[in-house]
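Encoded as structure tokens, the structure appears first; notes follow it.
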Amino acid sequence: MRKEIVGQQGVTSVASQLSAKEGTVYIGPLQLAYGGGNFSLRAVMDLIDSPDWLSLSGSTSGWEFGEILDELGIGIDAYGRLSGEFNVSGSTASGNAFVNSMRGNASLSMSQGYVSTSLLELAGLGVFPWLFSEELRQGYTDITCVVAPINIEAGRVSSDSIVIETGSVQLVAKGQVDWVKDTIAIRAEPRRVGKPLSRSAWPFDVTGQLSSPKFKLDVGGSRNKAPEGADAMPADRQPCVPDMNQLQ
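In terms of my numbering, the sequence shown opens at residue 97 and continues consecutively.
The following block contains the structure:
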């Protein structure tokens, strides 16, 4: 059996195919467009062995970073196009049940954007280099790239290496957010690009309730411990890969 689903072109559009074979239903690739963003996804459901479970995989792109900050009520001027990939599954009992039971992984990325603050440079460079930085003079910071790979497990999102990188600073964050238990525990350490063994001037922690998180600066700073026999960056350093993982 094969059917085709096509939505009206315009602000929102949908186009897909539906097929079924031996009790398993396949939908996709399903193309959805809304505003400047779009999704391409595939859905699979086994109606015989697990009719209450849905698997989704695909990608999304075209979302404008500054508009998302506006929707969240964060009054910072910014720009950048977000894209991502995902492979998740969850219960079909309801929308909330799917979100709260969801398992899988996803990755979010952005390149060539900017944010109208130089605080990231301040945190990574320290006070005196920041005072003479180009970012302070121009009033904004160019974002080289953002990469955020995450694991999703029944209401909890975790990551070991969320990276935000500018021309001068690489911020590496890790931790988890649990929206079911309303908790957050994230540690972020900004450092000069290519200097993973240098002291992070102002690493910070975000902990407590997700609905009312606590922000704490680690005033004394922190240092990484070098892996045995690895203390130099390669000549072909890769942006948005944790510098600590590139030491050789």
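For each residue, glycine too, the CB sits at the ideal point set by N, CA and C.
Quick caveat: nothing in here was measured; it's all calculated off a predicted structure.
Using the Cα positions of residue i and residue j, report the straight-line distance between them to the nearest angstrom.
{"i": "Asp301", "j": "Pro245", "result": "19 Å"}
{"i": "Phe194", "j": "Asp148", "result": "10 Å"}
{"i": "Lys205", "j": "Glu217", "result": "First, the amino acid is wrong: residue 205 is Ser here, not Lys. Between Ser205 and Glu217, the C-alpha separation is close to 20 Å."}
{"i": "Trp306", "j": "Trp298", "result": "Rather than Trp, the amino acid found at residue 306 in this sequence is Leu. If you take the alpha carbons of Leu306 and Trp298, they lie about 22 Å apart."}
{"i": "Asn192", "j": "Arg252", "result": "14 Å"}
{"i": "Glu230", "j": "Gly290", "result": "19 Å"}
{"i": "Gly154", "j": "Phe224", "result": "45 Å"}
{"i": "Ala331", "j": "Arg319", "result": "23 Å"}
{"i": "Val102", "j": "Gly133", "result": "Reliability of the predicted coordinates at Val102 is poor, the pLDDT of 45 falling under 50, and the value obtained from them is presented with this limitation in mind. Approximately 18 Å between the Cα atoms of the pair."}
{"i": "Leu126", "j": "Gly171", "result": "34 Å"}
{"i": "Pro335", "j": "Lys277", "result": "34 Å"}
{"i": "Asp173", "j": "Ser207", "result": "16 Å"}
{"i": "Ser308", "j": "Trp275", "result": "12 Å"}
{"i": "Lys321", "j": "Met329", "result": "15 Å"}
{"i": "Ser115", "j": "Ile123", "result": "6 Å"}
{"i": "Ala129", "j": "Ser179", "result": "13 Å"}
{"i": "Leu232", "j": "Thr213", "result": "8 Å"}
{"i": "Gly159", "j": "Lys270", "result": "The question names Gly, but residue 159 is Trp in the sequence shown. Using only the alpha carbons, I get a separation of about 24 Å."}
{"i": "Phe161", "j": "Asn247", "result": "22 Å"}
{"i": "Gln105", "j": "Ser197", "result": "Any reading at Gln105 needs caution, since the residue's pLDDT is 45, under 50, leaving its predicted position unreliable; the model's value is listed next. Cα-Cα distance, rounded: 33 Å."}
{"i": "Asn341", "j": "Arg333", "result": "10 Å"}
{"i": "Gly222", "j": "Ala284", "result": "15 Å"}
{"i": "Phe135", "j": "Leu165", "result": "20 Å"}
{"i": "Glu167", "j": "Ala326", "result": "44 Å"}
What does the Cβ neighbour count give for residue i, buried or exposed, with the cut at 16 atoms within 10 Å?
{"i": "Ile239", "result": "buried"}
{"i": "Thr169", "result": "Correcting the residue identity first, residue 169 is Gly in this sequence and not Thr. Gly169 should be labelled exposed."}
{"i": "Arg288", "result": "buried"}
{"i": "Pro323", "result": "exposed"}
{"i": "Leu227", "result": "exposed"}
{"i": "Gly209", "result": "buried"}
{"i": "Gly176", "result": "buried"}
{"i": "Ser264", "result": "buried"}
{"i": "Ser190", "result": "exposed"}
{"i": "Glu261", "result": "buried"}
{"i": "Lys99", "result": "Model confidence at Lys99 stands at a pLDDT of 42, short of 50, so the residue's coordinates are unreliable; what they give is reported in the following sentence. So Lys99 counts as exposed."}
Rank the options by C-alpha distance to the C-alpha of residue i and give the top, closest one.
{"i": "Thr255", "options": "Gly132, Pro338, Lys291 and Phe224", "result": "Just to set this straight, residue 255 is Ser in the shown sequence, not Thr. Nearest of Gly132, Pro338, Lys291 and Phe224 to Ser255, Cα basis: Pro338."}
{"i": "Val140", "options": "Ser151, Gly186, Phe224 and Pro323", "result": "Ser151"}
{"i": "Leu343", "options": "Leu227, Leu293 and Leu306", "result": "Leu293"}
{"i": "Ile258", "options": "Tyr175, Val243 and Phe224", "result": "Val243"}
{"i": "Ile282", "options": "Val268, Arg295 and Val276", "result": "Val268"}
{"i": "Thr156", "options": "Asn341, Gly222, Ala202 and Gly317", "result": "Ala202"}
{"i": "Ile144", "options": "Gly290, Trp275 and Lys117", "result": "Lys117"}
{"i": "Glu163", "options": "Thr120, Phe135 and Val211", "result": "Val211"}
{"i": "Gly317", "options": "Ala326, Arg333 and Pro286", "result": "Pro286"}
{"i": "Ala250", "options": "Gln272, Leu232 and Glu261", "result": "Gln272"}
{"i": "Glu181", "options": "Gly200, Glu167 and Tyr130", "result": "Gly200"}
{"i": "Arg295", "options": "Gly158, Gln266 and Ser308", "result": "Gln266"}
{"i": "Thr120", "options": "Tyr130, Ser146, Thr213 and Ile280", "result": "Ser146"}
{"i": "Gly304", "options": "Glu167, Thr279 and Lys270", "result": "Thr279"}
Taking Cβ positions only, does residue i come closer than 8 Å to chain D?
{"i": "Ser257", "result": "Absence of chain D from the displayed structure is noted, only one protein chain being present."}
**Study point:** 3-residue-minimum beta strand (DSSP E) runs that sit fully inside the region 224 to 282, ordered along the chain
**Key:** 237 to 249, 252 to 262 and 265 to 274
Exercise for review: Specify whether the region 307 to 316 and the region 226 to 240 touch according to this definition: at least 3 beta carbon pairs, one from each stretch, less than 8 Å apart.
Suggested key: no
Exercise for review: Answer yes if the region 216 to 231 comes into contact with the region 175 to 195, meaning at least three C-beta pairs across the two stretches below 8 Å, and no otherwise.
Suggested key: no
Practice item. Kindly provide the ranges of any beta strand (DSSP E) runs that are 3 or more residues long and lie completely inside the region 139 to 222, ordered along the chain. Key: 146 to 160, 174 to 187 and 199 to 211
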